[in-house]
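Student: What follows is a structure written as C-alpha cells; I'll ask about it next.
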Amino acid sequence: MEAAVQASDAVDTALAPGQPVIEVRGVWSVFALPGGGQHVVHQDLDLTVRRGEVLTLVGGSGTGKTVLLRHMLGLTRPARGQATVLGRPAGELAREGAAARVGMLFQQGALFSAFSVLDNIAFALRESGALPPALVREAALLKLQMVGLKASDAHKMPAELSGGMIKRVALARALIMDPPLLMLDEPTAGLDPDSSDAFVALLRALHQELGLTVVMVTHDLDTLFELSSRVAVLADKRVIINAPVPEVLAFEHPFIRHFFLGERGRRAMELLRQRQHARPAQGD
Ligand SMILES: Nc1ncnc2c1ncn2[C@@H]1O[C@H](COP(=O)(O)OP(=O)(O)O)[C@@H](O)[C@H]1O
Ligand SMILES: [Mg+2]
Numbered sequence: 014m015e016a017a018v019q020a021s022d023a024v025d026t027a028l029a030p031g032q033p034v035i036e037v038r039g040v041w042s043v044f045a046l047p048g049g050g051q052h053v054v055h056q057d058l059d060l061t062v063r064r065g066e067v068l069t070l071v072g073g074s075g076t077g078k079t080v081l082l083r084h085m086l087g088l089t090r091p092a093r094g095q096a097t098v099l100g101r102p103a104g105e106l107a108r109e110g111a112a113a114r115v116g117m118l119f120q121q122g123a124l125f126s127a128f129s130v131l132d133n134i135a136f137a138l139r140e141s142g143a144l145p146p147a148l149v150r151e152a153a154l155l156k157l158q159m160v161g162l163k164a165s166d167a168h169k170m171p172a173e174l175s176g177g178m179i180k181r182v183a184l185a186r187a188l189i190m191d192p193p194l195l196m197l198d199e200p201t202a203g204l205d206p207d208s209s210d211a212f213v214a215l216l217r218a219l220h221q222e223l224g225l226t227v228v229m230v231t232h233d234l235d236t237l238f239e240l241s242s243r244v245a246v247l248a249d250k251r252v253i254i255n256a257p258v259p260e261v262l263a264f265e266h267p268f269i270r271h272f273f274l275g276e277r278g279r280r281a282m283e284l285l286r287q288r289q290h291a292r293p294a295q296g297d
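According to the numbering used here, the sequence shown is numbered sequentially starting from 14.
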C-alpha cells in the first residue's frame, strides 16, 4: 500500500494531508518601468501552502498579492524562481486548462455578462467537452444549489444579480470541475456587512465539506480571522512570516502593527475574542 502510494505520480503525493500543495521558491517578479529601469515587486520570495489549510495572504496595496496569485495560477511567469502546484510547474497547469485543479474567484466576480447564471457556472465543464450537455446542466444546477442559490436563479442574467449573488455564481463557476485548490482575491470586497458575513459562512462550510485547500487575499480582518488557518504577510518584497494568527500578531514589523493593531484592527480583535469565547470547540 505504502509502496503503491510512493509509486504514484507527484499529484497524488501532494494530496496527502498536511503536505505542501503549492511551493513558491526563490521568486523574483520584475516589471519594466515606462521611463526605463525596473520595478522589483518580489525578491527571492518563498511561500508554502499545505493541504487543507486556508492560507490568507496580506500586504499593503501594490506589494504584489495579485501578481503572486497569478504566478501560482501559472498566468504570469516569474523573472526568476518557480511556483510548483500539486507537484507540477504552475505554467504547465495553466497550459492544460487549470479549472480541474485550481478554482479561481477573481476580485471583480468577472462573470460573462451575456451568459445566464447557469451558463456562467457551466462554462469550464462545457468547454472541456468531458460530458454531454444534459449532464453539464445537471452538474451546474448542483453547484448552483451548493452555493445557496435557487433553481429559479439559473436563468437570471448577471446584470439582475446583487453583489452577494454575483460572488456566489463566481464561486460555483470556480468549483464546477471539483478542483482541490481554490484561490480567492478579495472575496468579500464591496459586499455589505450582512452579505459579507453570509459569504464567509459559505466559504467556511465549503472548505470543510469539500476538503479544499484555499489561498485567499483579503484586507478584511473579519474575513481573515473567521477563515484563516495561517496568514502569510507580504512585505519588503517577500513573505516575512507565514504562521497562525497569534504568531503573526506577535511578529514585530511596522506593516503588521499598522494592519492588525490600528483602530479597525482593535475592533476586529475584540470581535475575535468574543467569538472564541462563544465557540470554544472551534478547532474540532
Ligand atoms: N503586468 C504588469 N506590468 C507592470 N507592472 C505590473 C504588472 N502587474 C503588476 N504590476 C505592478 O506590480 C505591483 C504589484 O501589483 P499587484 O500584485 O496588483 O499588487 P496588490 O498587492 O495590490 O495585489 C504594482 O506596483 C503593479 O503596478
Ligand atoms: Mg490585488
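Yeah, the Cβ is synthetic: ideal placement off N, Cα and C, and Gly gets one too.
Model, not experiment: these values are computed from the prediction.
Looking only at its chain, what residues have a beta carbon closer than 8 Å to the beta carbon of Val-34, apart from the 5 residues adjacent to it on each side?
Tutor: The count along the sequence shown starts at 1 and reaches residue 34 at position 21. Counting only Cβ-Cβ distances below 8 Å, and skipping sequence neighbours, we find Ala-27, Leu-28, Val-62, Arg-63, Arg-64, Val-98, Leu-99, Pro-193, Leu-194, Thr-226.
Student: Starting from Val-130 and walking both ways along the beta strand (DSSP E), at which residues does that stretch end?
Tutor: Walking along the sequence shown from the start, residue 130 turns up at place 117. First-last for Val-130: 130 to 141, but that is the alpha helix (DSSP H), not the beta strand (DSSP E).
Student: For Met-170, report the span of its alpha helix (DSSP H) as first-last.
Tutor: Locating residue 170 in the sequence shown gives position 157, counting from the first residue. Note, Met-170: premise wrong, no alpha helix (DSSP H); not H, not E.
Student: Give a yes or no on whether the C-beta atoms belonging to Phe-273 and Leu-262 are separated by under 8 Å.
Tutor: Here the question's residue 273 lines up with position 260 in the sequence shown. Here the question's residue 262 lines up with position 249 in the sequence shown. Yes. Within cutoff.
Student: Assuming contact is defined by CB atoms lying nearer than 8 Å, are Leu-188 and Lys-163 in contact in what I supplied?
Tutor: Residue 188 sits at position 175 when you count from the first residue of the sequence shown. Residue 163 sits at position 150 when you count from the first residue of the sequence shown. The answer is no: Cβ separation not under 8 Å.
Student: Give the single residue among Gly-94, Leu-81, His-52, Met-190 whose Cα lies nearest to the Cα of Leu-197.
Tutor: Counting from 1 along the sequence shown, the entry for residue 197 is found at position 184. It is Leu-81.
Student: Measure the beta-carbon distance from Val-213 to Leu-70 and round it to whole angstroms, keeping in mind my assumption that it falls under 8 Å.
Tutor: Locating residue 213 in the sequence shown gives position 200, counting from the first residue. Locating residue 70 in the sequence shown gives position 57, counting from the first residue. Val-213 to Leu-70, Cβ: 16 Å. No contact.
Student: Using only the alpha-carbon positions, how far apart do Ala-52 and Gln-121 sit?
Tutor: Within the sequence shown, numbered from 1, the residue matching residue 52 stands at position 39. Within the sequence shown, numbered from 1, the residue matching residue 121 stands at position 108. Going by the sequence as given, residue 52 is His instead of Ala. Looking at the two C-alpha atoms, the distance is approximately 26 Å.
Student: Relative to ligand 4, what is the chain-ordered list of residues with a Cβ closer than 5 Å to any of its non-hydrogen atoms?
Tutor: Ligand 4 is not part of this structure, which contains only ligand 1 and ligand 2.
Student: What are the uninterrupted segments assigned as alpha helix (DSSP H) that are 4 or more residues long and contained completely in the stretch 70 to 123, given in chain order?
Tutor: Counting whole runs of 4 or more residues, the stretch 70 to 123 contains the alpha helix (DSSP H) stretches 78 to 85, 103 to 108.
Student: Leaving out the 5 sequence neighbours to the left and right, which residues in its chain are closer than 8 Å to Gly-87 when beta-carbon positions are compared?
Tutor: Here residue 87 refers to the residue found at position 74 of the sequence shown. Closer than 8 Å at the Cβ level, and outside the excluded window around Gly-87, lie Ala-96, Val-98, Pro-102, Ala-103, Gly-104, Glu-105, Leu-106, Ala-107, Arg-108, Ala-111.
Student: Short check: CB of Asp-253 to CB of Ala-185, under 8 Å?
Tutor: Numbered from 1 along the sequence shown, position 240 holds the residue referred to as residue 253. Numbered from 1 along the sequence shown, position 172 holds the residue referred to as residue 185. The sequence given here places Ile at residue 253; Asp does not occur at that position. No, Cβ-Cβ distance for Ile-253 and Ala-185 is not below 8 Å.
Student: Any idea what DSSP makes of Val-54, helix, strand or coil?
Tutor: As a working mapping, residue 54 is identified with position 41 in the sequence shown. Correct three-state label for Val-54: strand.
Student: Comparing C-alpha positions only, which one of Phe-119, Ala-152, Leu-60, Phe-238 sits nearest to Val-138?
Tutor: Here residue 138 corresponds to residue number 125 of the sequence shown, with the count starting at 1. Checking the sequence, you will find Leu at residue 138 rather than Val. The shortest C-alpha separation from Leu-138 is found at Ala-152.
Student: Specify the secondary structure class of Gly-177 as computed by DSSP and reduced to three states.
Tutor: Position 164 of the sequence shown holds residue 177. Note: Gly-177 maps to helix in three-state DSSP.
Student: At 3 residues or longer, what runs of the beta strand (DSSP E) sit wholly inside the stretch 164 to 245?
Tutor: Within the stretch 164 to 245, the complete beta strand (DSSP E) runs of at least 3 residues are 194 to 198, 226 to 230.
Student: Looking at Gly-39 and Leu-247, is the spacing between their C-beta atoms short of 8 Å?
Tutor: Residue numbering aside, residue 247 sits at position 234 when the sequence shown is read from its first letter. Residue numbering aside, residue 39 sits at position 26 when the sequence shown is read from its first letter. No; because the gap between Cβ atoms is not below 8 Å, this pair is not in contact.
Student: Could you pull the DSSP bridge partners for Pro-33 from this structure?
Tutor: Taking the first residue of the sequence shown as 1, we reach residue 33 at position 20. Paired residue(s): Arg-63.
Student: With a threshold of 7 Å (Cβ to nearest heavy atom), would Asp-233 be considered close to ligand 2?
Tutor: Sequence index remark: in the sequence shown, residue 233 carries index 220 (1-based). Checking every heavy atom of ligand 2 against the Cβ of Asp-233, none is found closer than 7 Å.
Student: Closer than 7 Å by C-beta to Val-149: which residues in its own chain qualify, once you throw out the five before and the five after it? Chain order, please.
Tutor: Translated into the one-based positions of the sequence shown, residue 149 becomes position 136. These residues qualify, in order along the chain: Ala-135, Leu-138, Arg-139.
Student: What does DSSP give as the partner residue(s) for Ala-301 in the beta ladder?
Tutor: The structure shown has nothing for residue 301, since the chain only spans 14 to 297.
Student: Please indicate yes or no: does the CB of Val-115 lie closer than 7 Å to some heavy atom of ligand 2?
Tutor: On the sequence shown, residue 115 is found 102 positions in, with the first residue counted as 1. Answer for Val-115: no, Cβ out of range of ligand 2.
Student: Taking 7 Å as the cut-off, is the C-beta of Val-228 nearer than that to any heavy atom in ligand 2?
Tutor: The count along the sequence shown starts at 1 and reaches residue 228 at position 215. Result no, Cβ not under 7 Å from ligand 2.
Student: Going by beta carbon distance, what residues of the same chain come within less than 6 Å of Val-18, once the five residues before and after it are set aside?
Tutor: Within the sequence shown, the letter at position 5 stands for residue 18. Model confidence at Val-18 stands at a pLDDT of 40, short of 50, so the residue's coordinates are unreliable; what they give is reported in the following sentence. Result list for Val-18: empty, nothing under 6 Å.
Student: So Val-5 is in the beta strand (DSSP E); what residue range does that whole segment cover?
Tutor: Nothing about residue 5 can be read from this structure; the chain reaches only from 14 to 297.
Student: According to DSSP, Val-247 sits in a beta bridge with which residue or residues?
Tutor: Residue 247 sits at position 234 when you count from the first residue of the sequence shown. The question names Val, but residue 247 in the sequence shown is Leu. Leu-247 pairs with Gly-72, Val-252.
Student: Taking its Cβ as the centre, do 16 or more other Cβ atoms sit within 10 Å of Pro-171, making it buried, or is it exposed?
Tutor: Translated into the one-based positions of the sequence shown, residue 171 becomes position 158. Pro-171 should be labelled buried.
Student: Given a cut-off of 8 Å on the beta-carbon distance, is the pair Leu-215 and Leu-240 in contact?
Tutor: What you label residue 215 is simply residue 202 of the sequence shown in a count that begins at 1. What you label residue 240 is simply residue 227 of the sequence shown in a count that begins at 1. Going by C-beta atoms, Leu-215 is not nearer than 8 Å to Leu-240.
Student: Roughly how many whole angstroms lie between the Cα atoms of Leu-54 and Arg-93?
Tutor: Counted from its first residue, the sequence shown places residue 54 at position 41. Counted from its first residue, the sequence shown places residue 93 at position 80. In the sequence as presented, Leu is not what sits at residue 54; that position holds Val. Rounded to whole angstroms, Val-54 to Arg-93 spans 12 Å at the Cα level.
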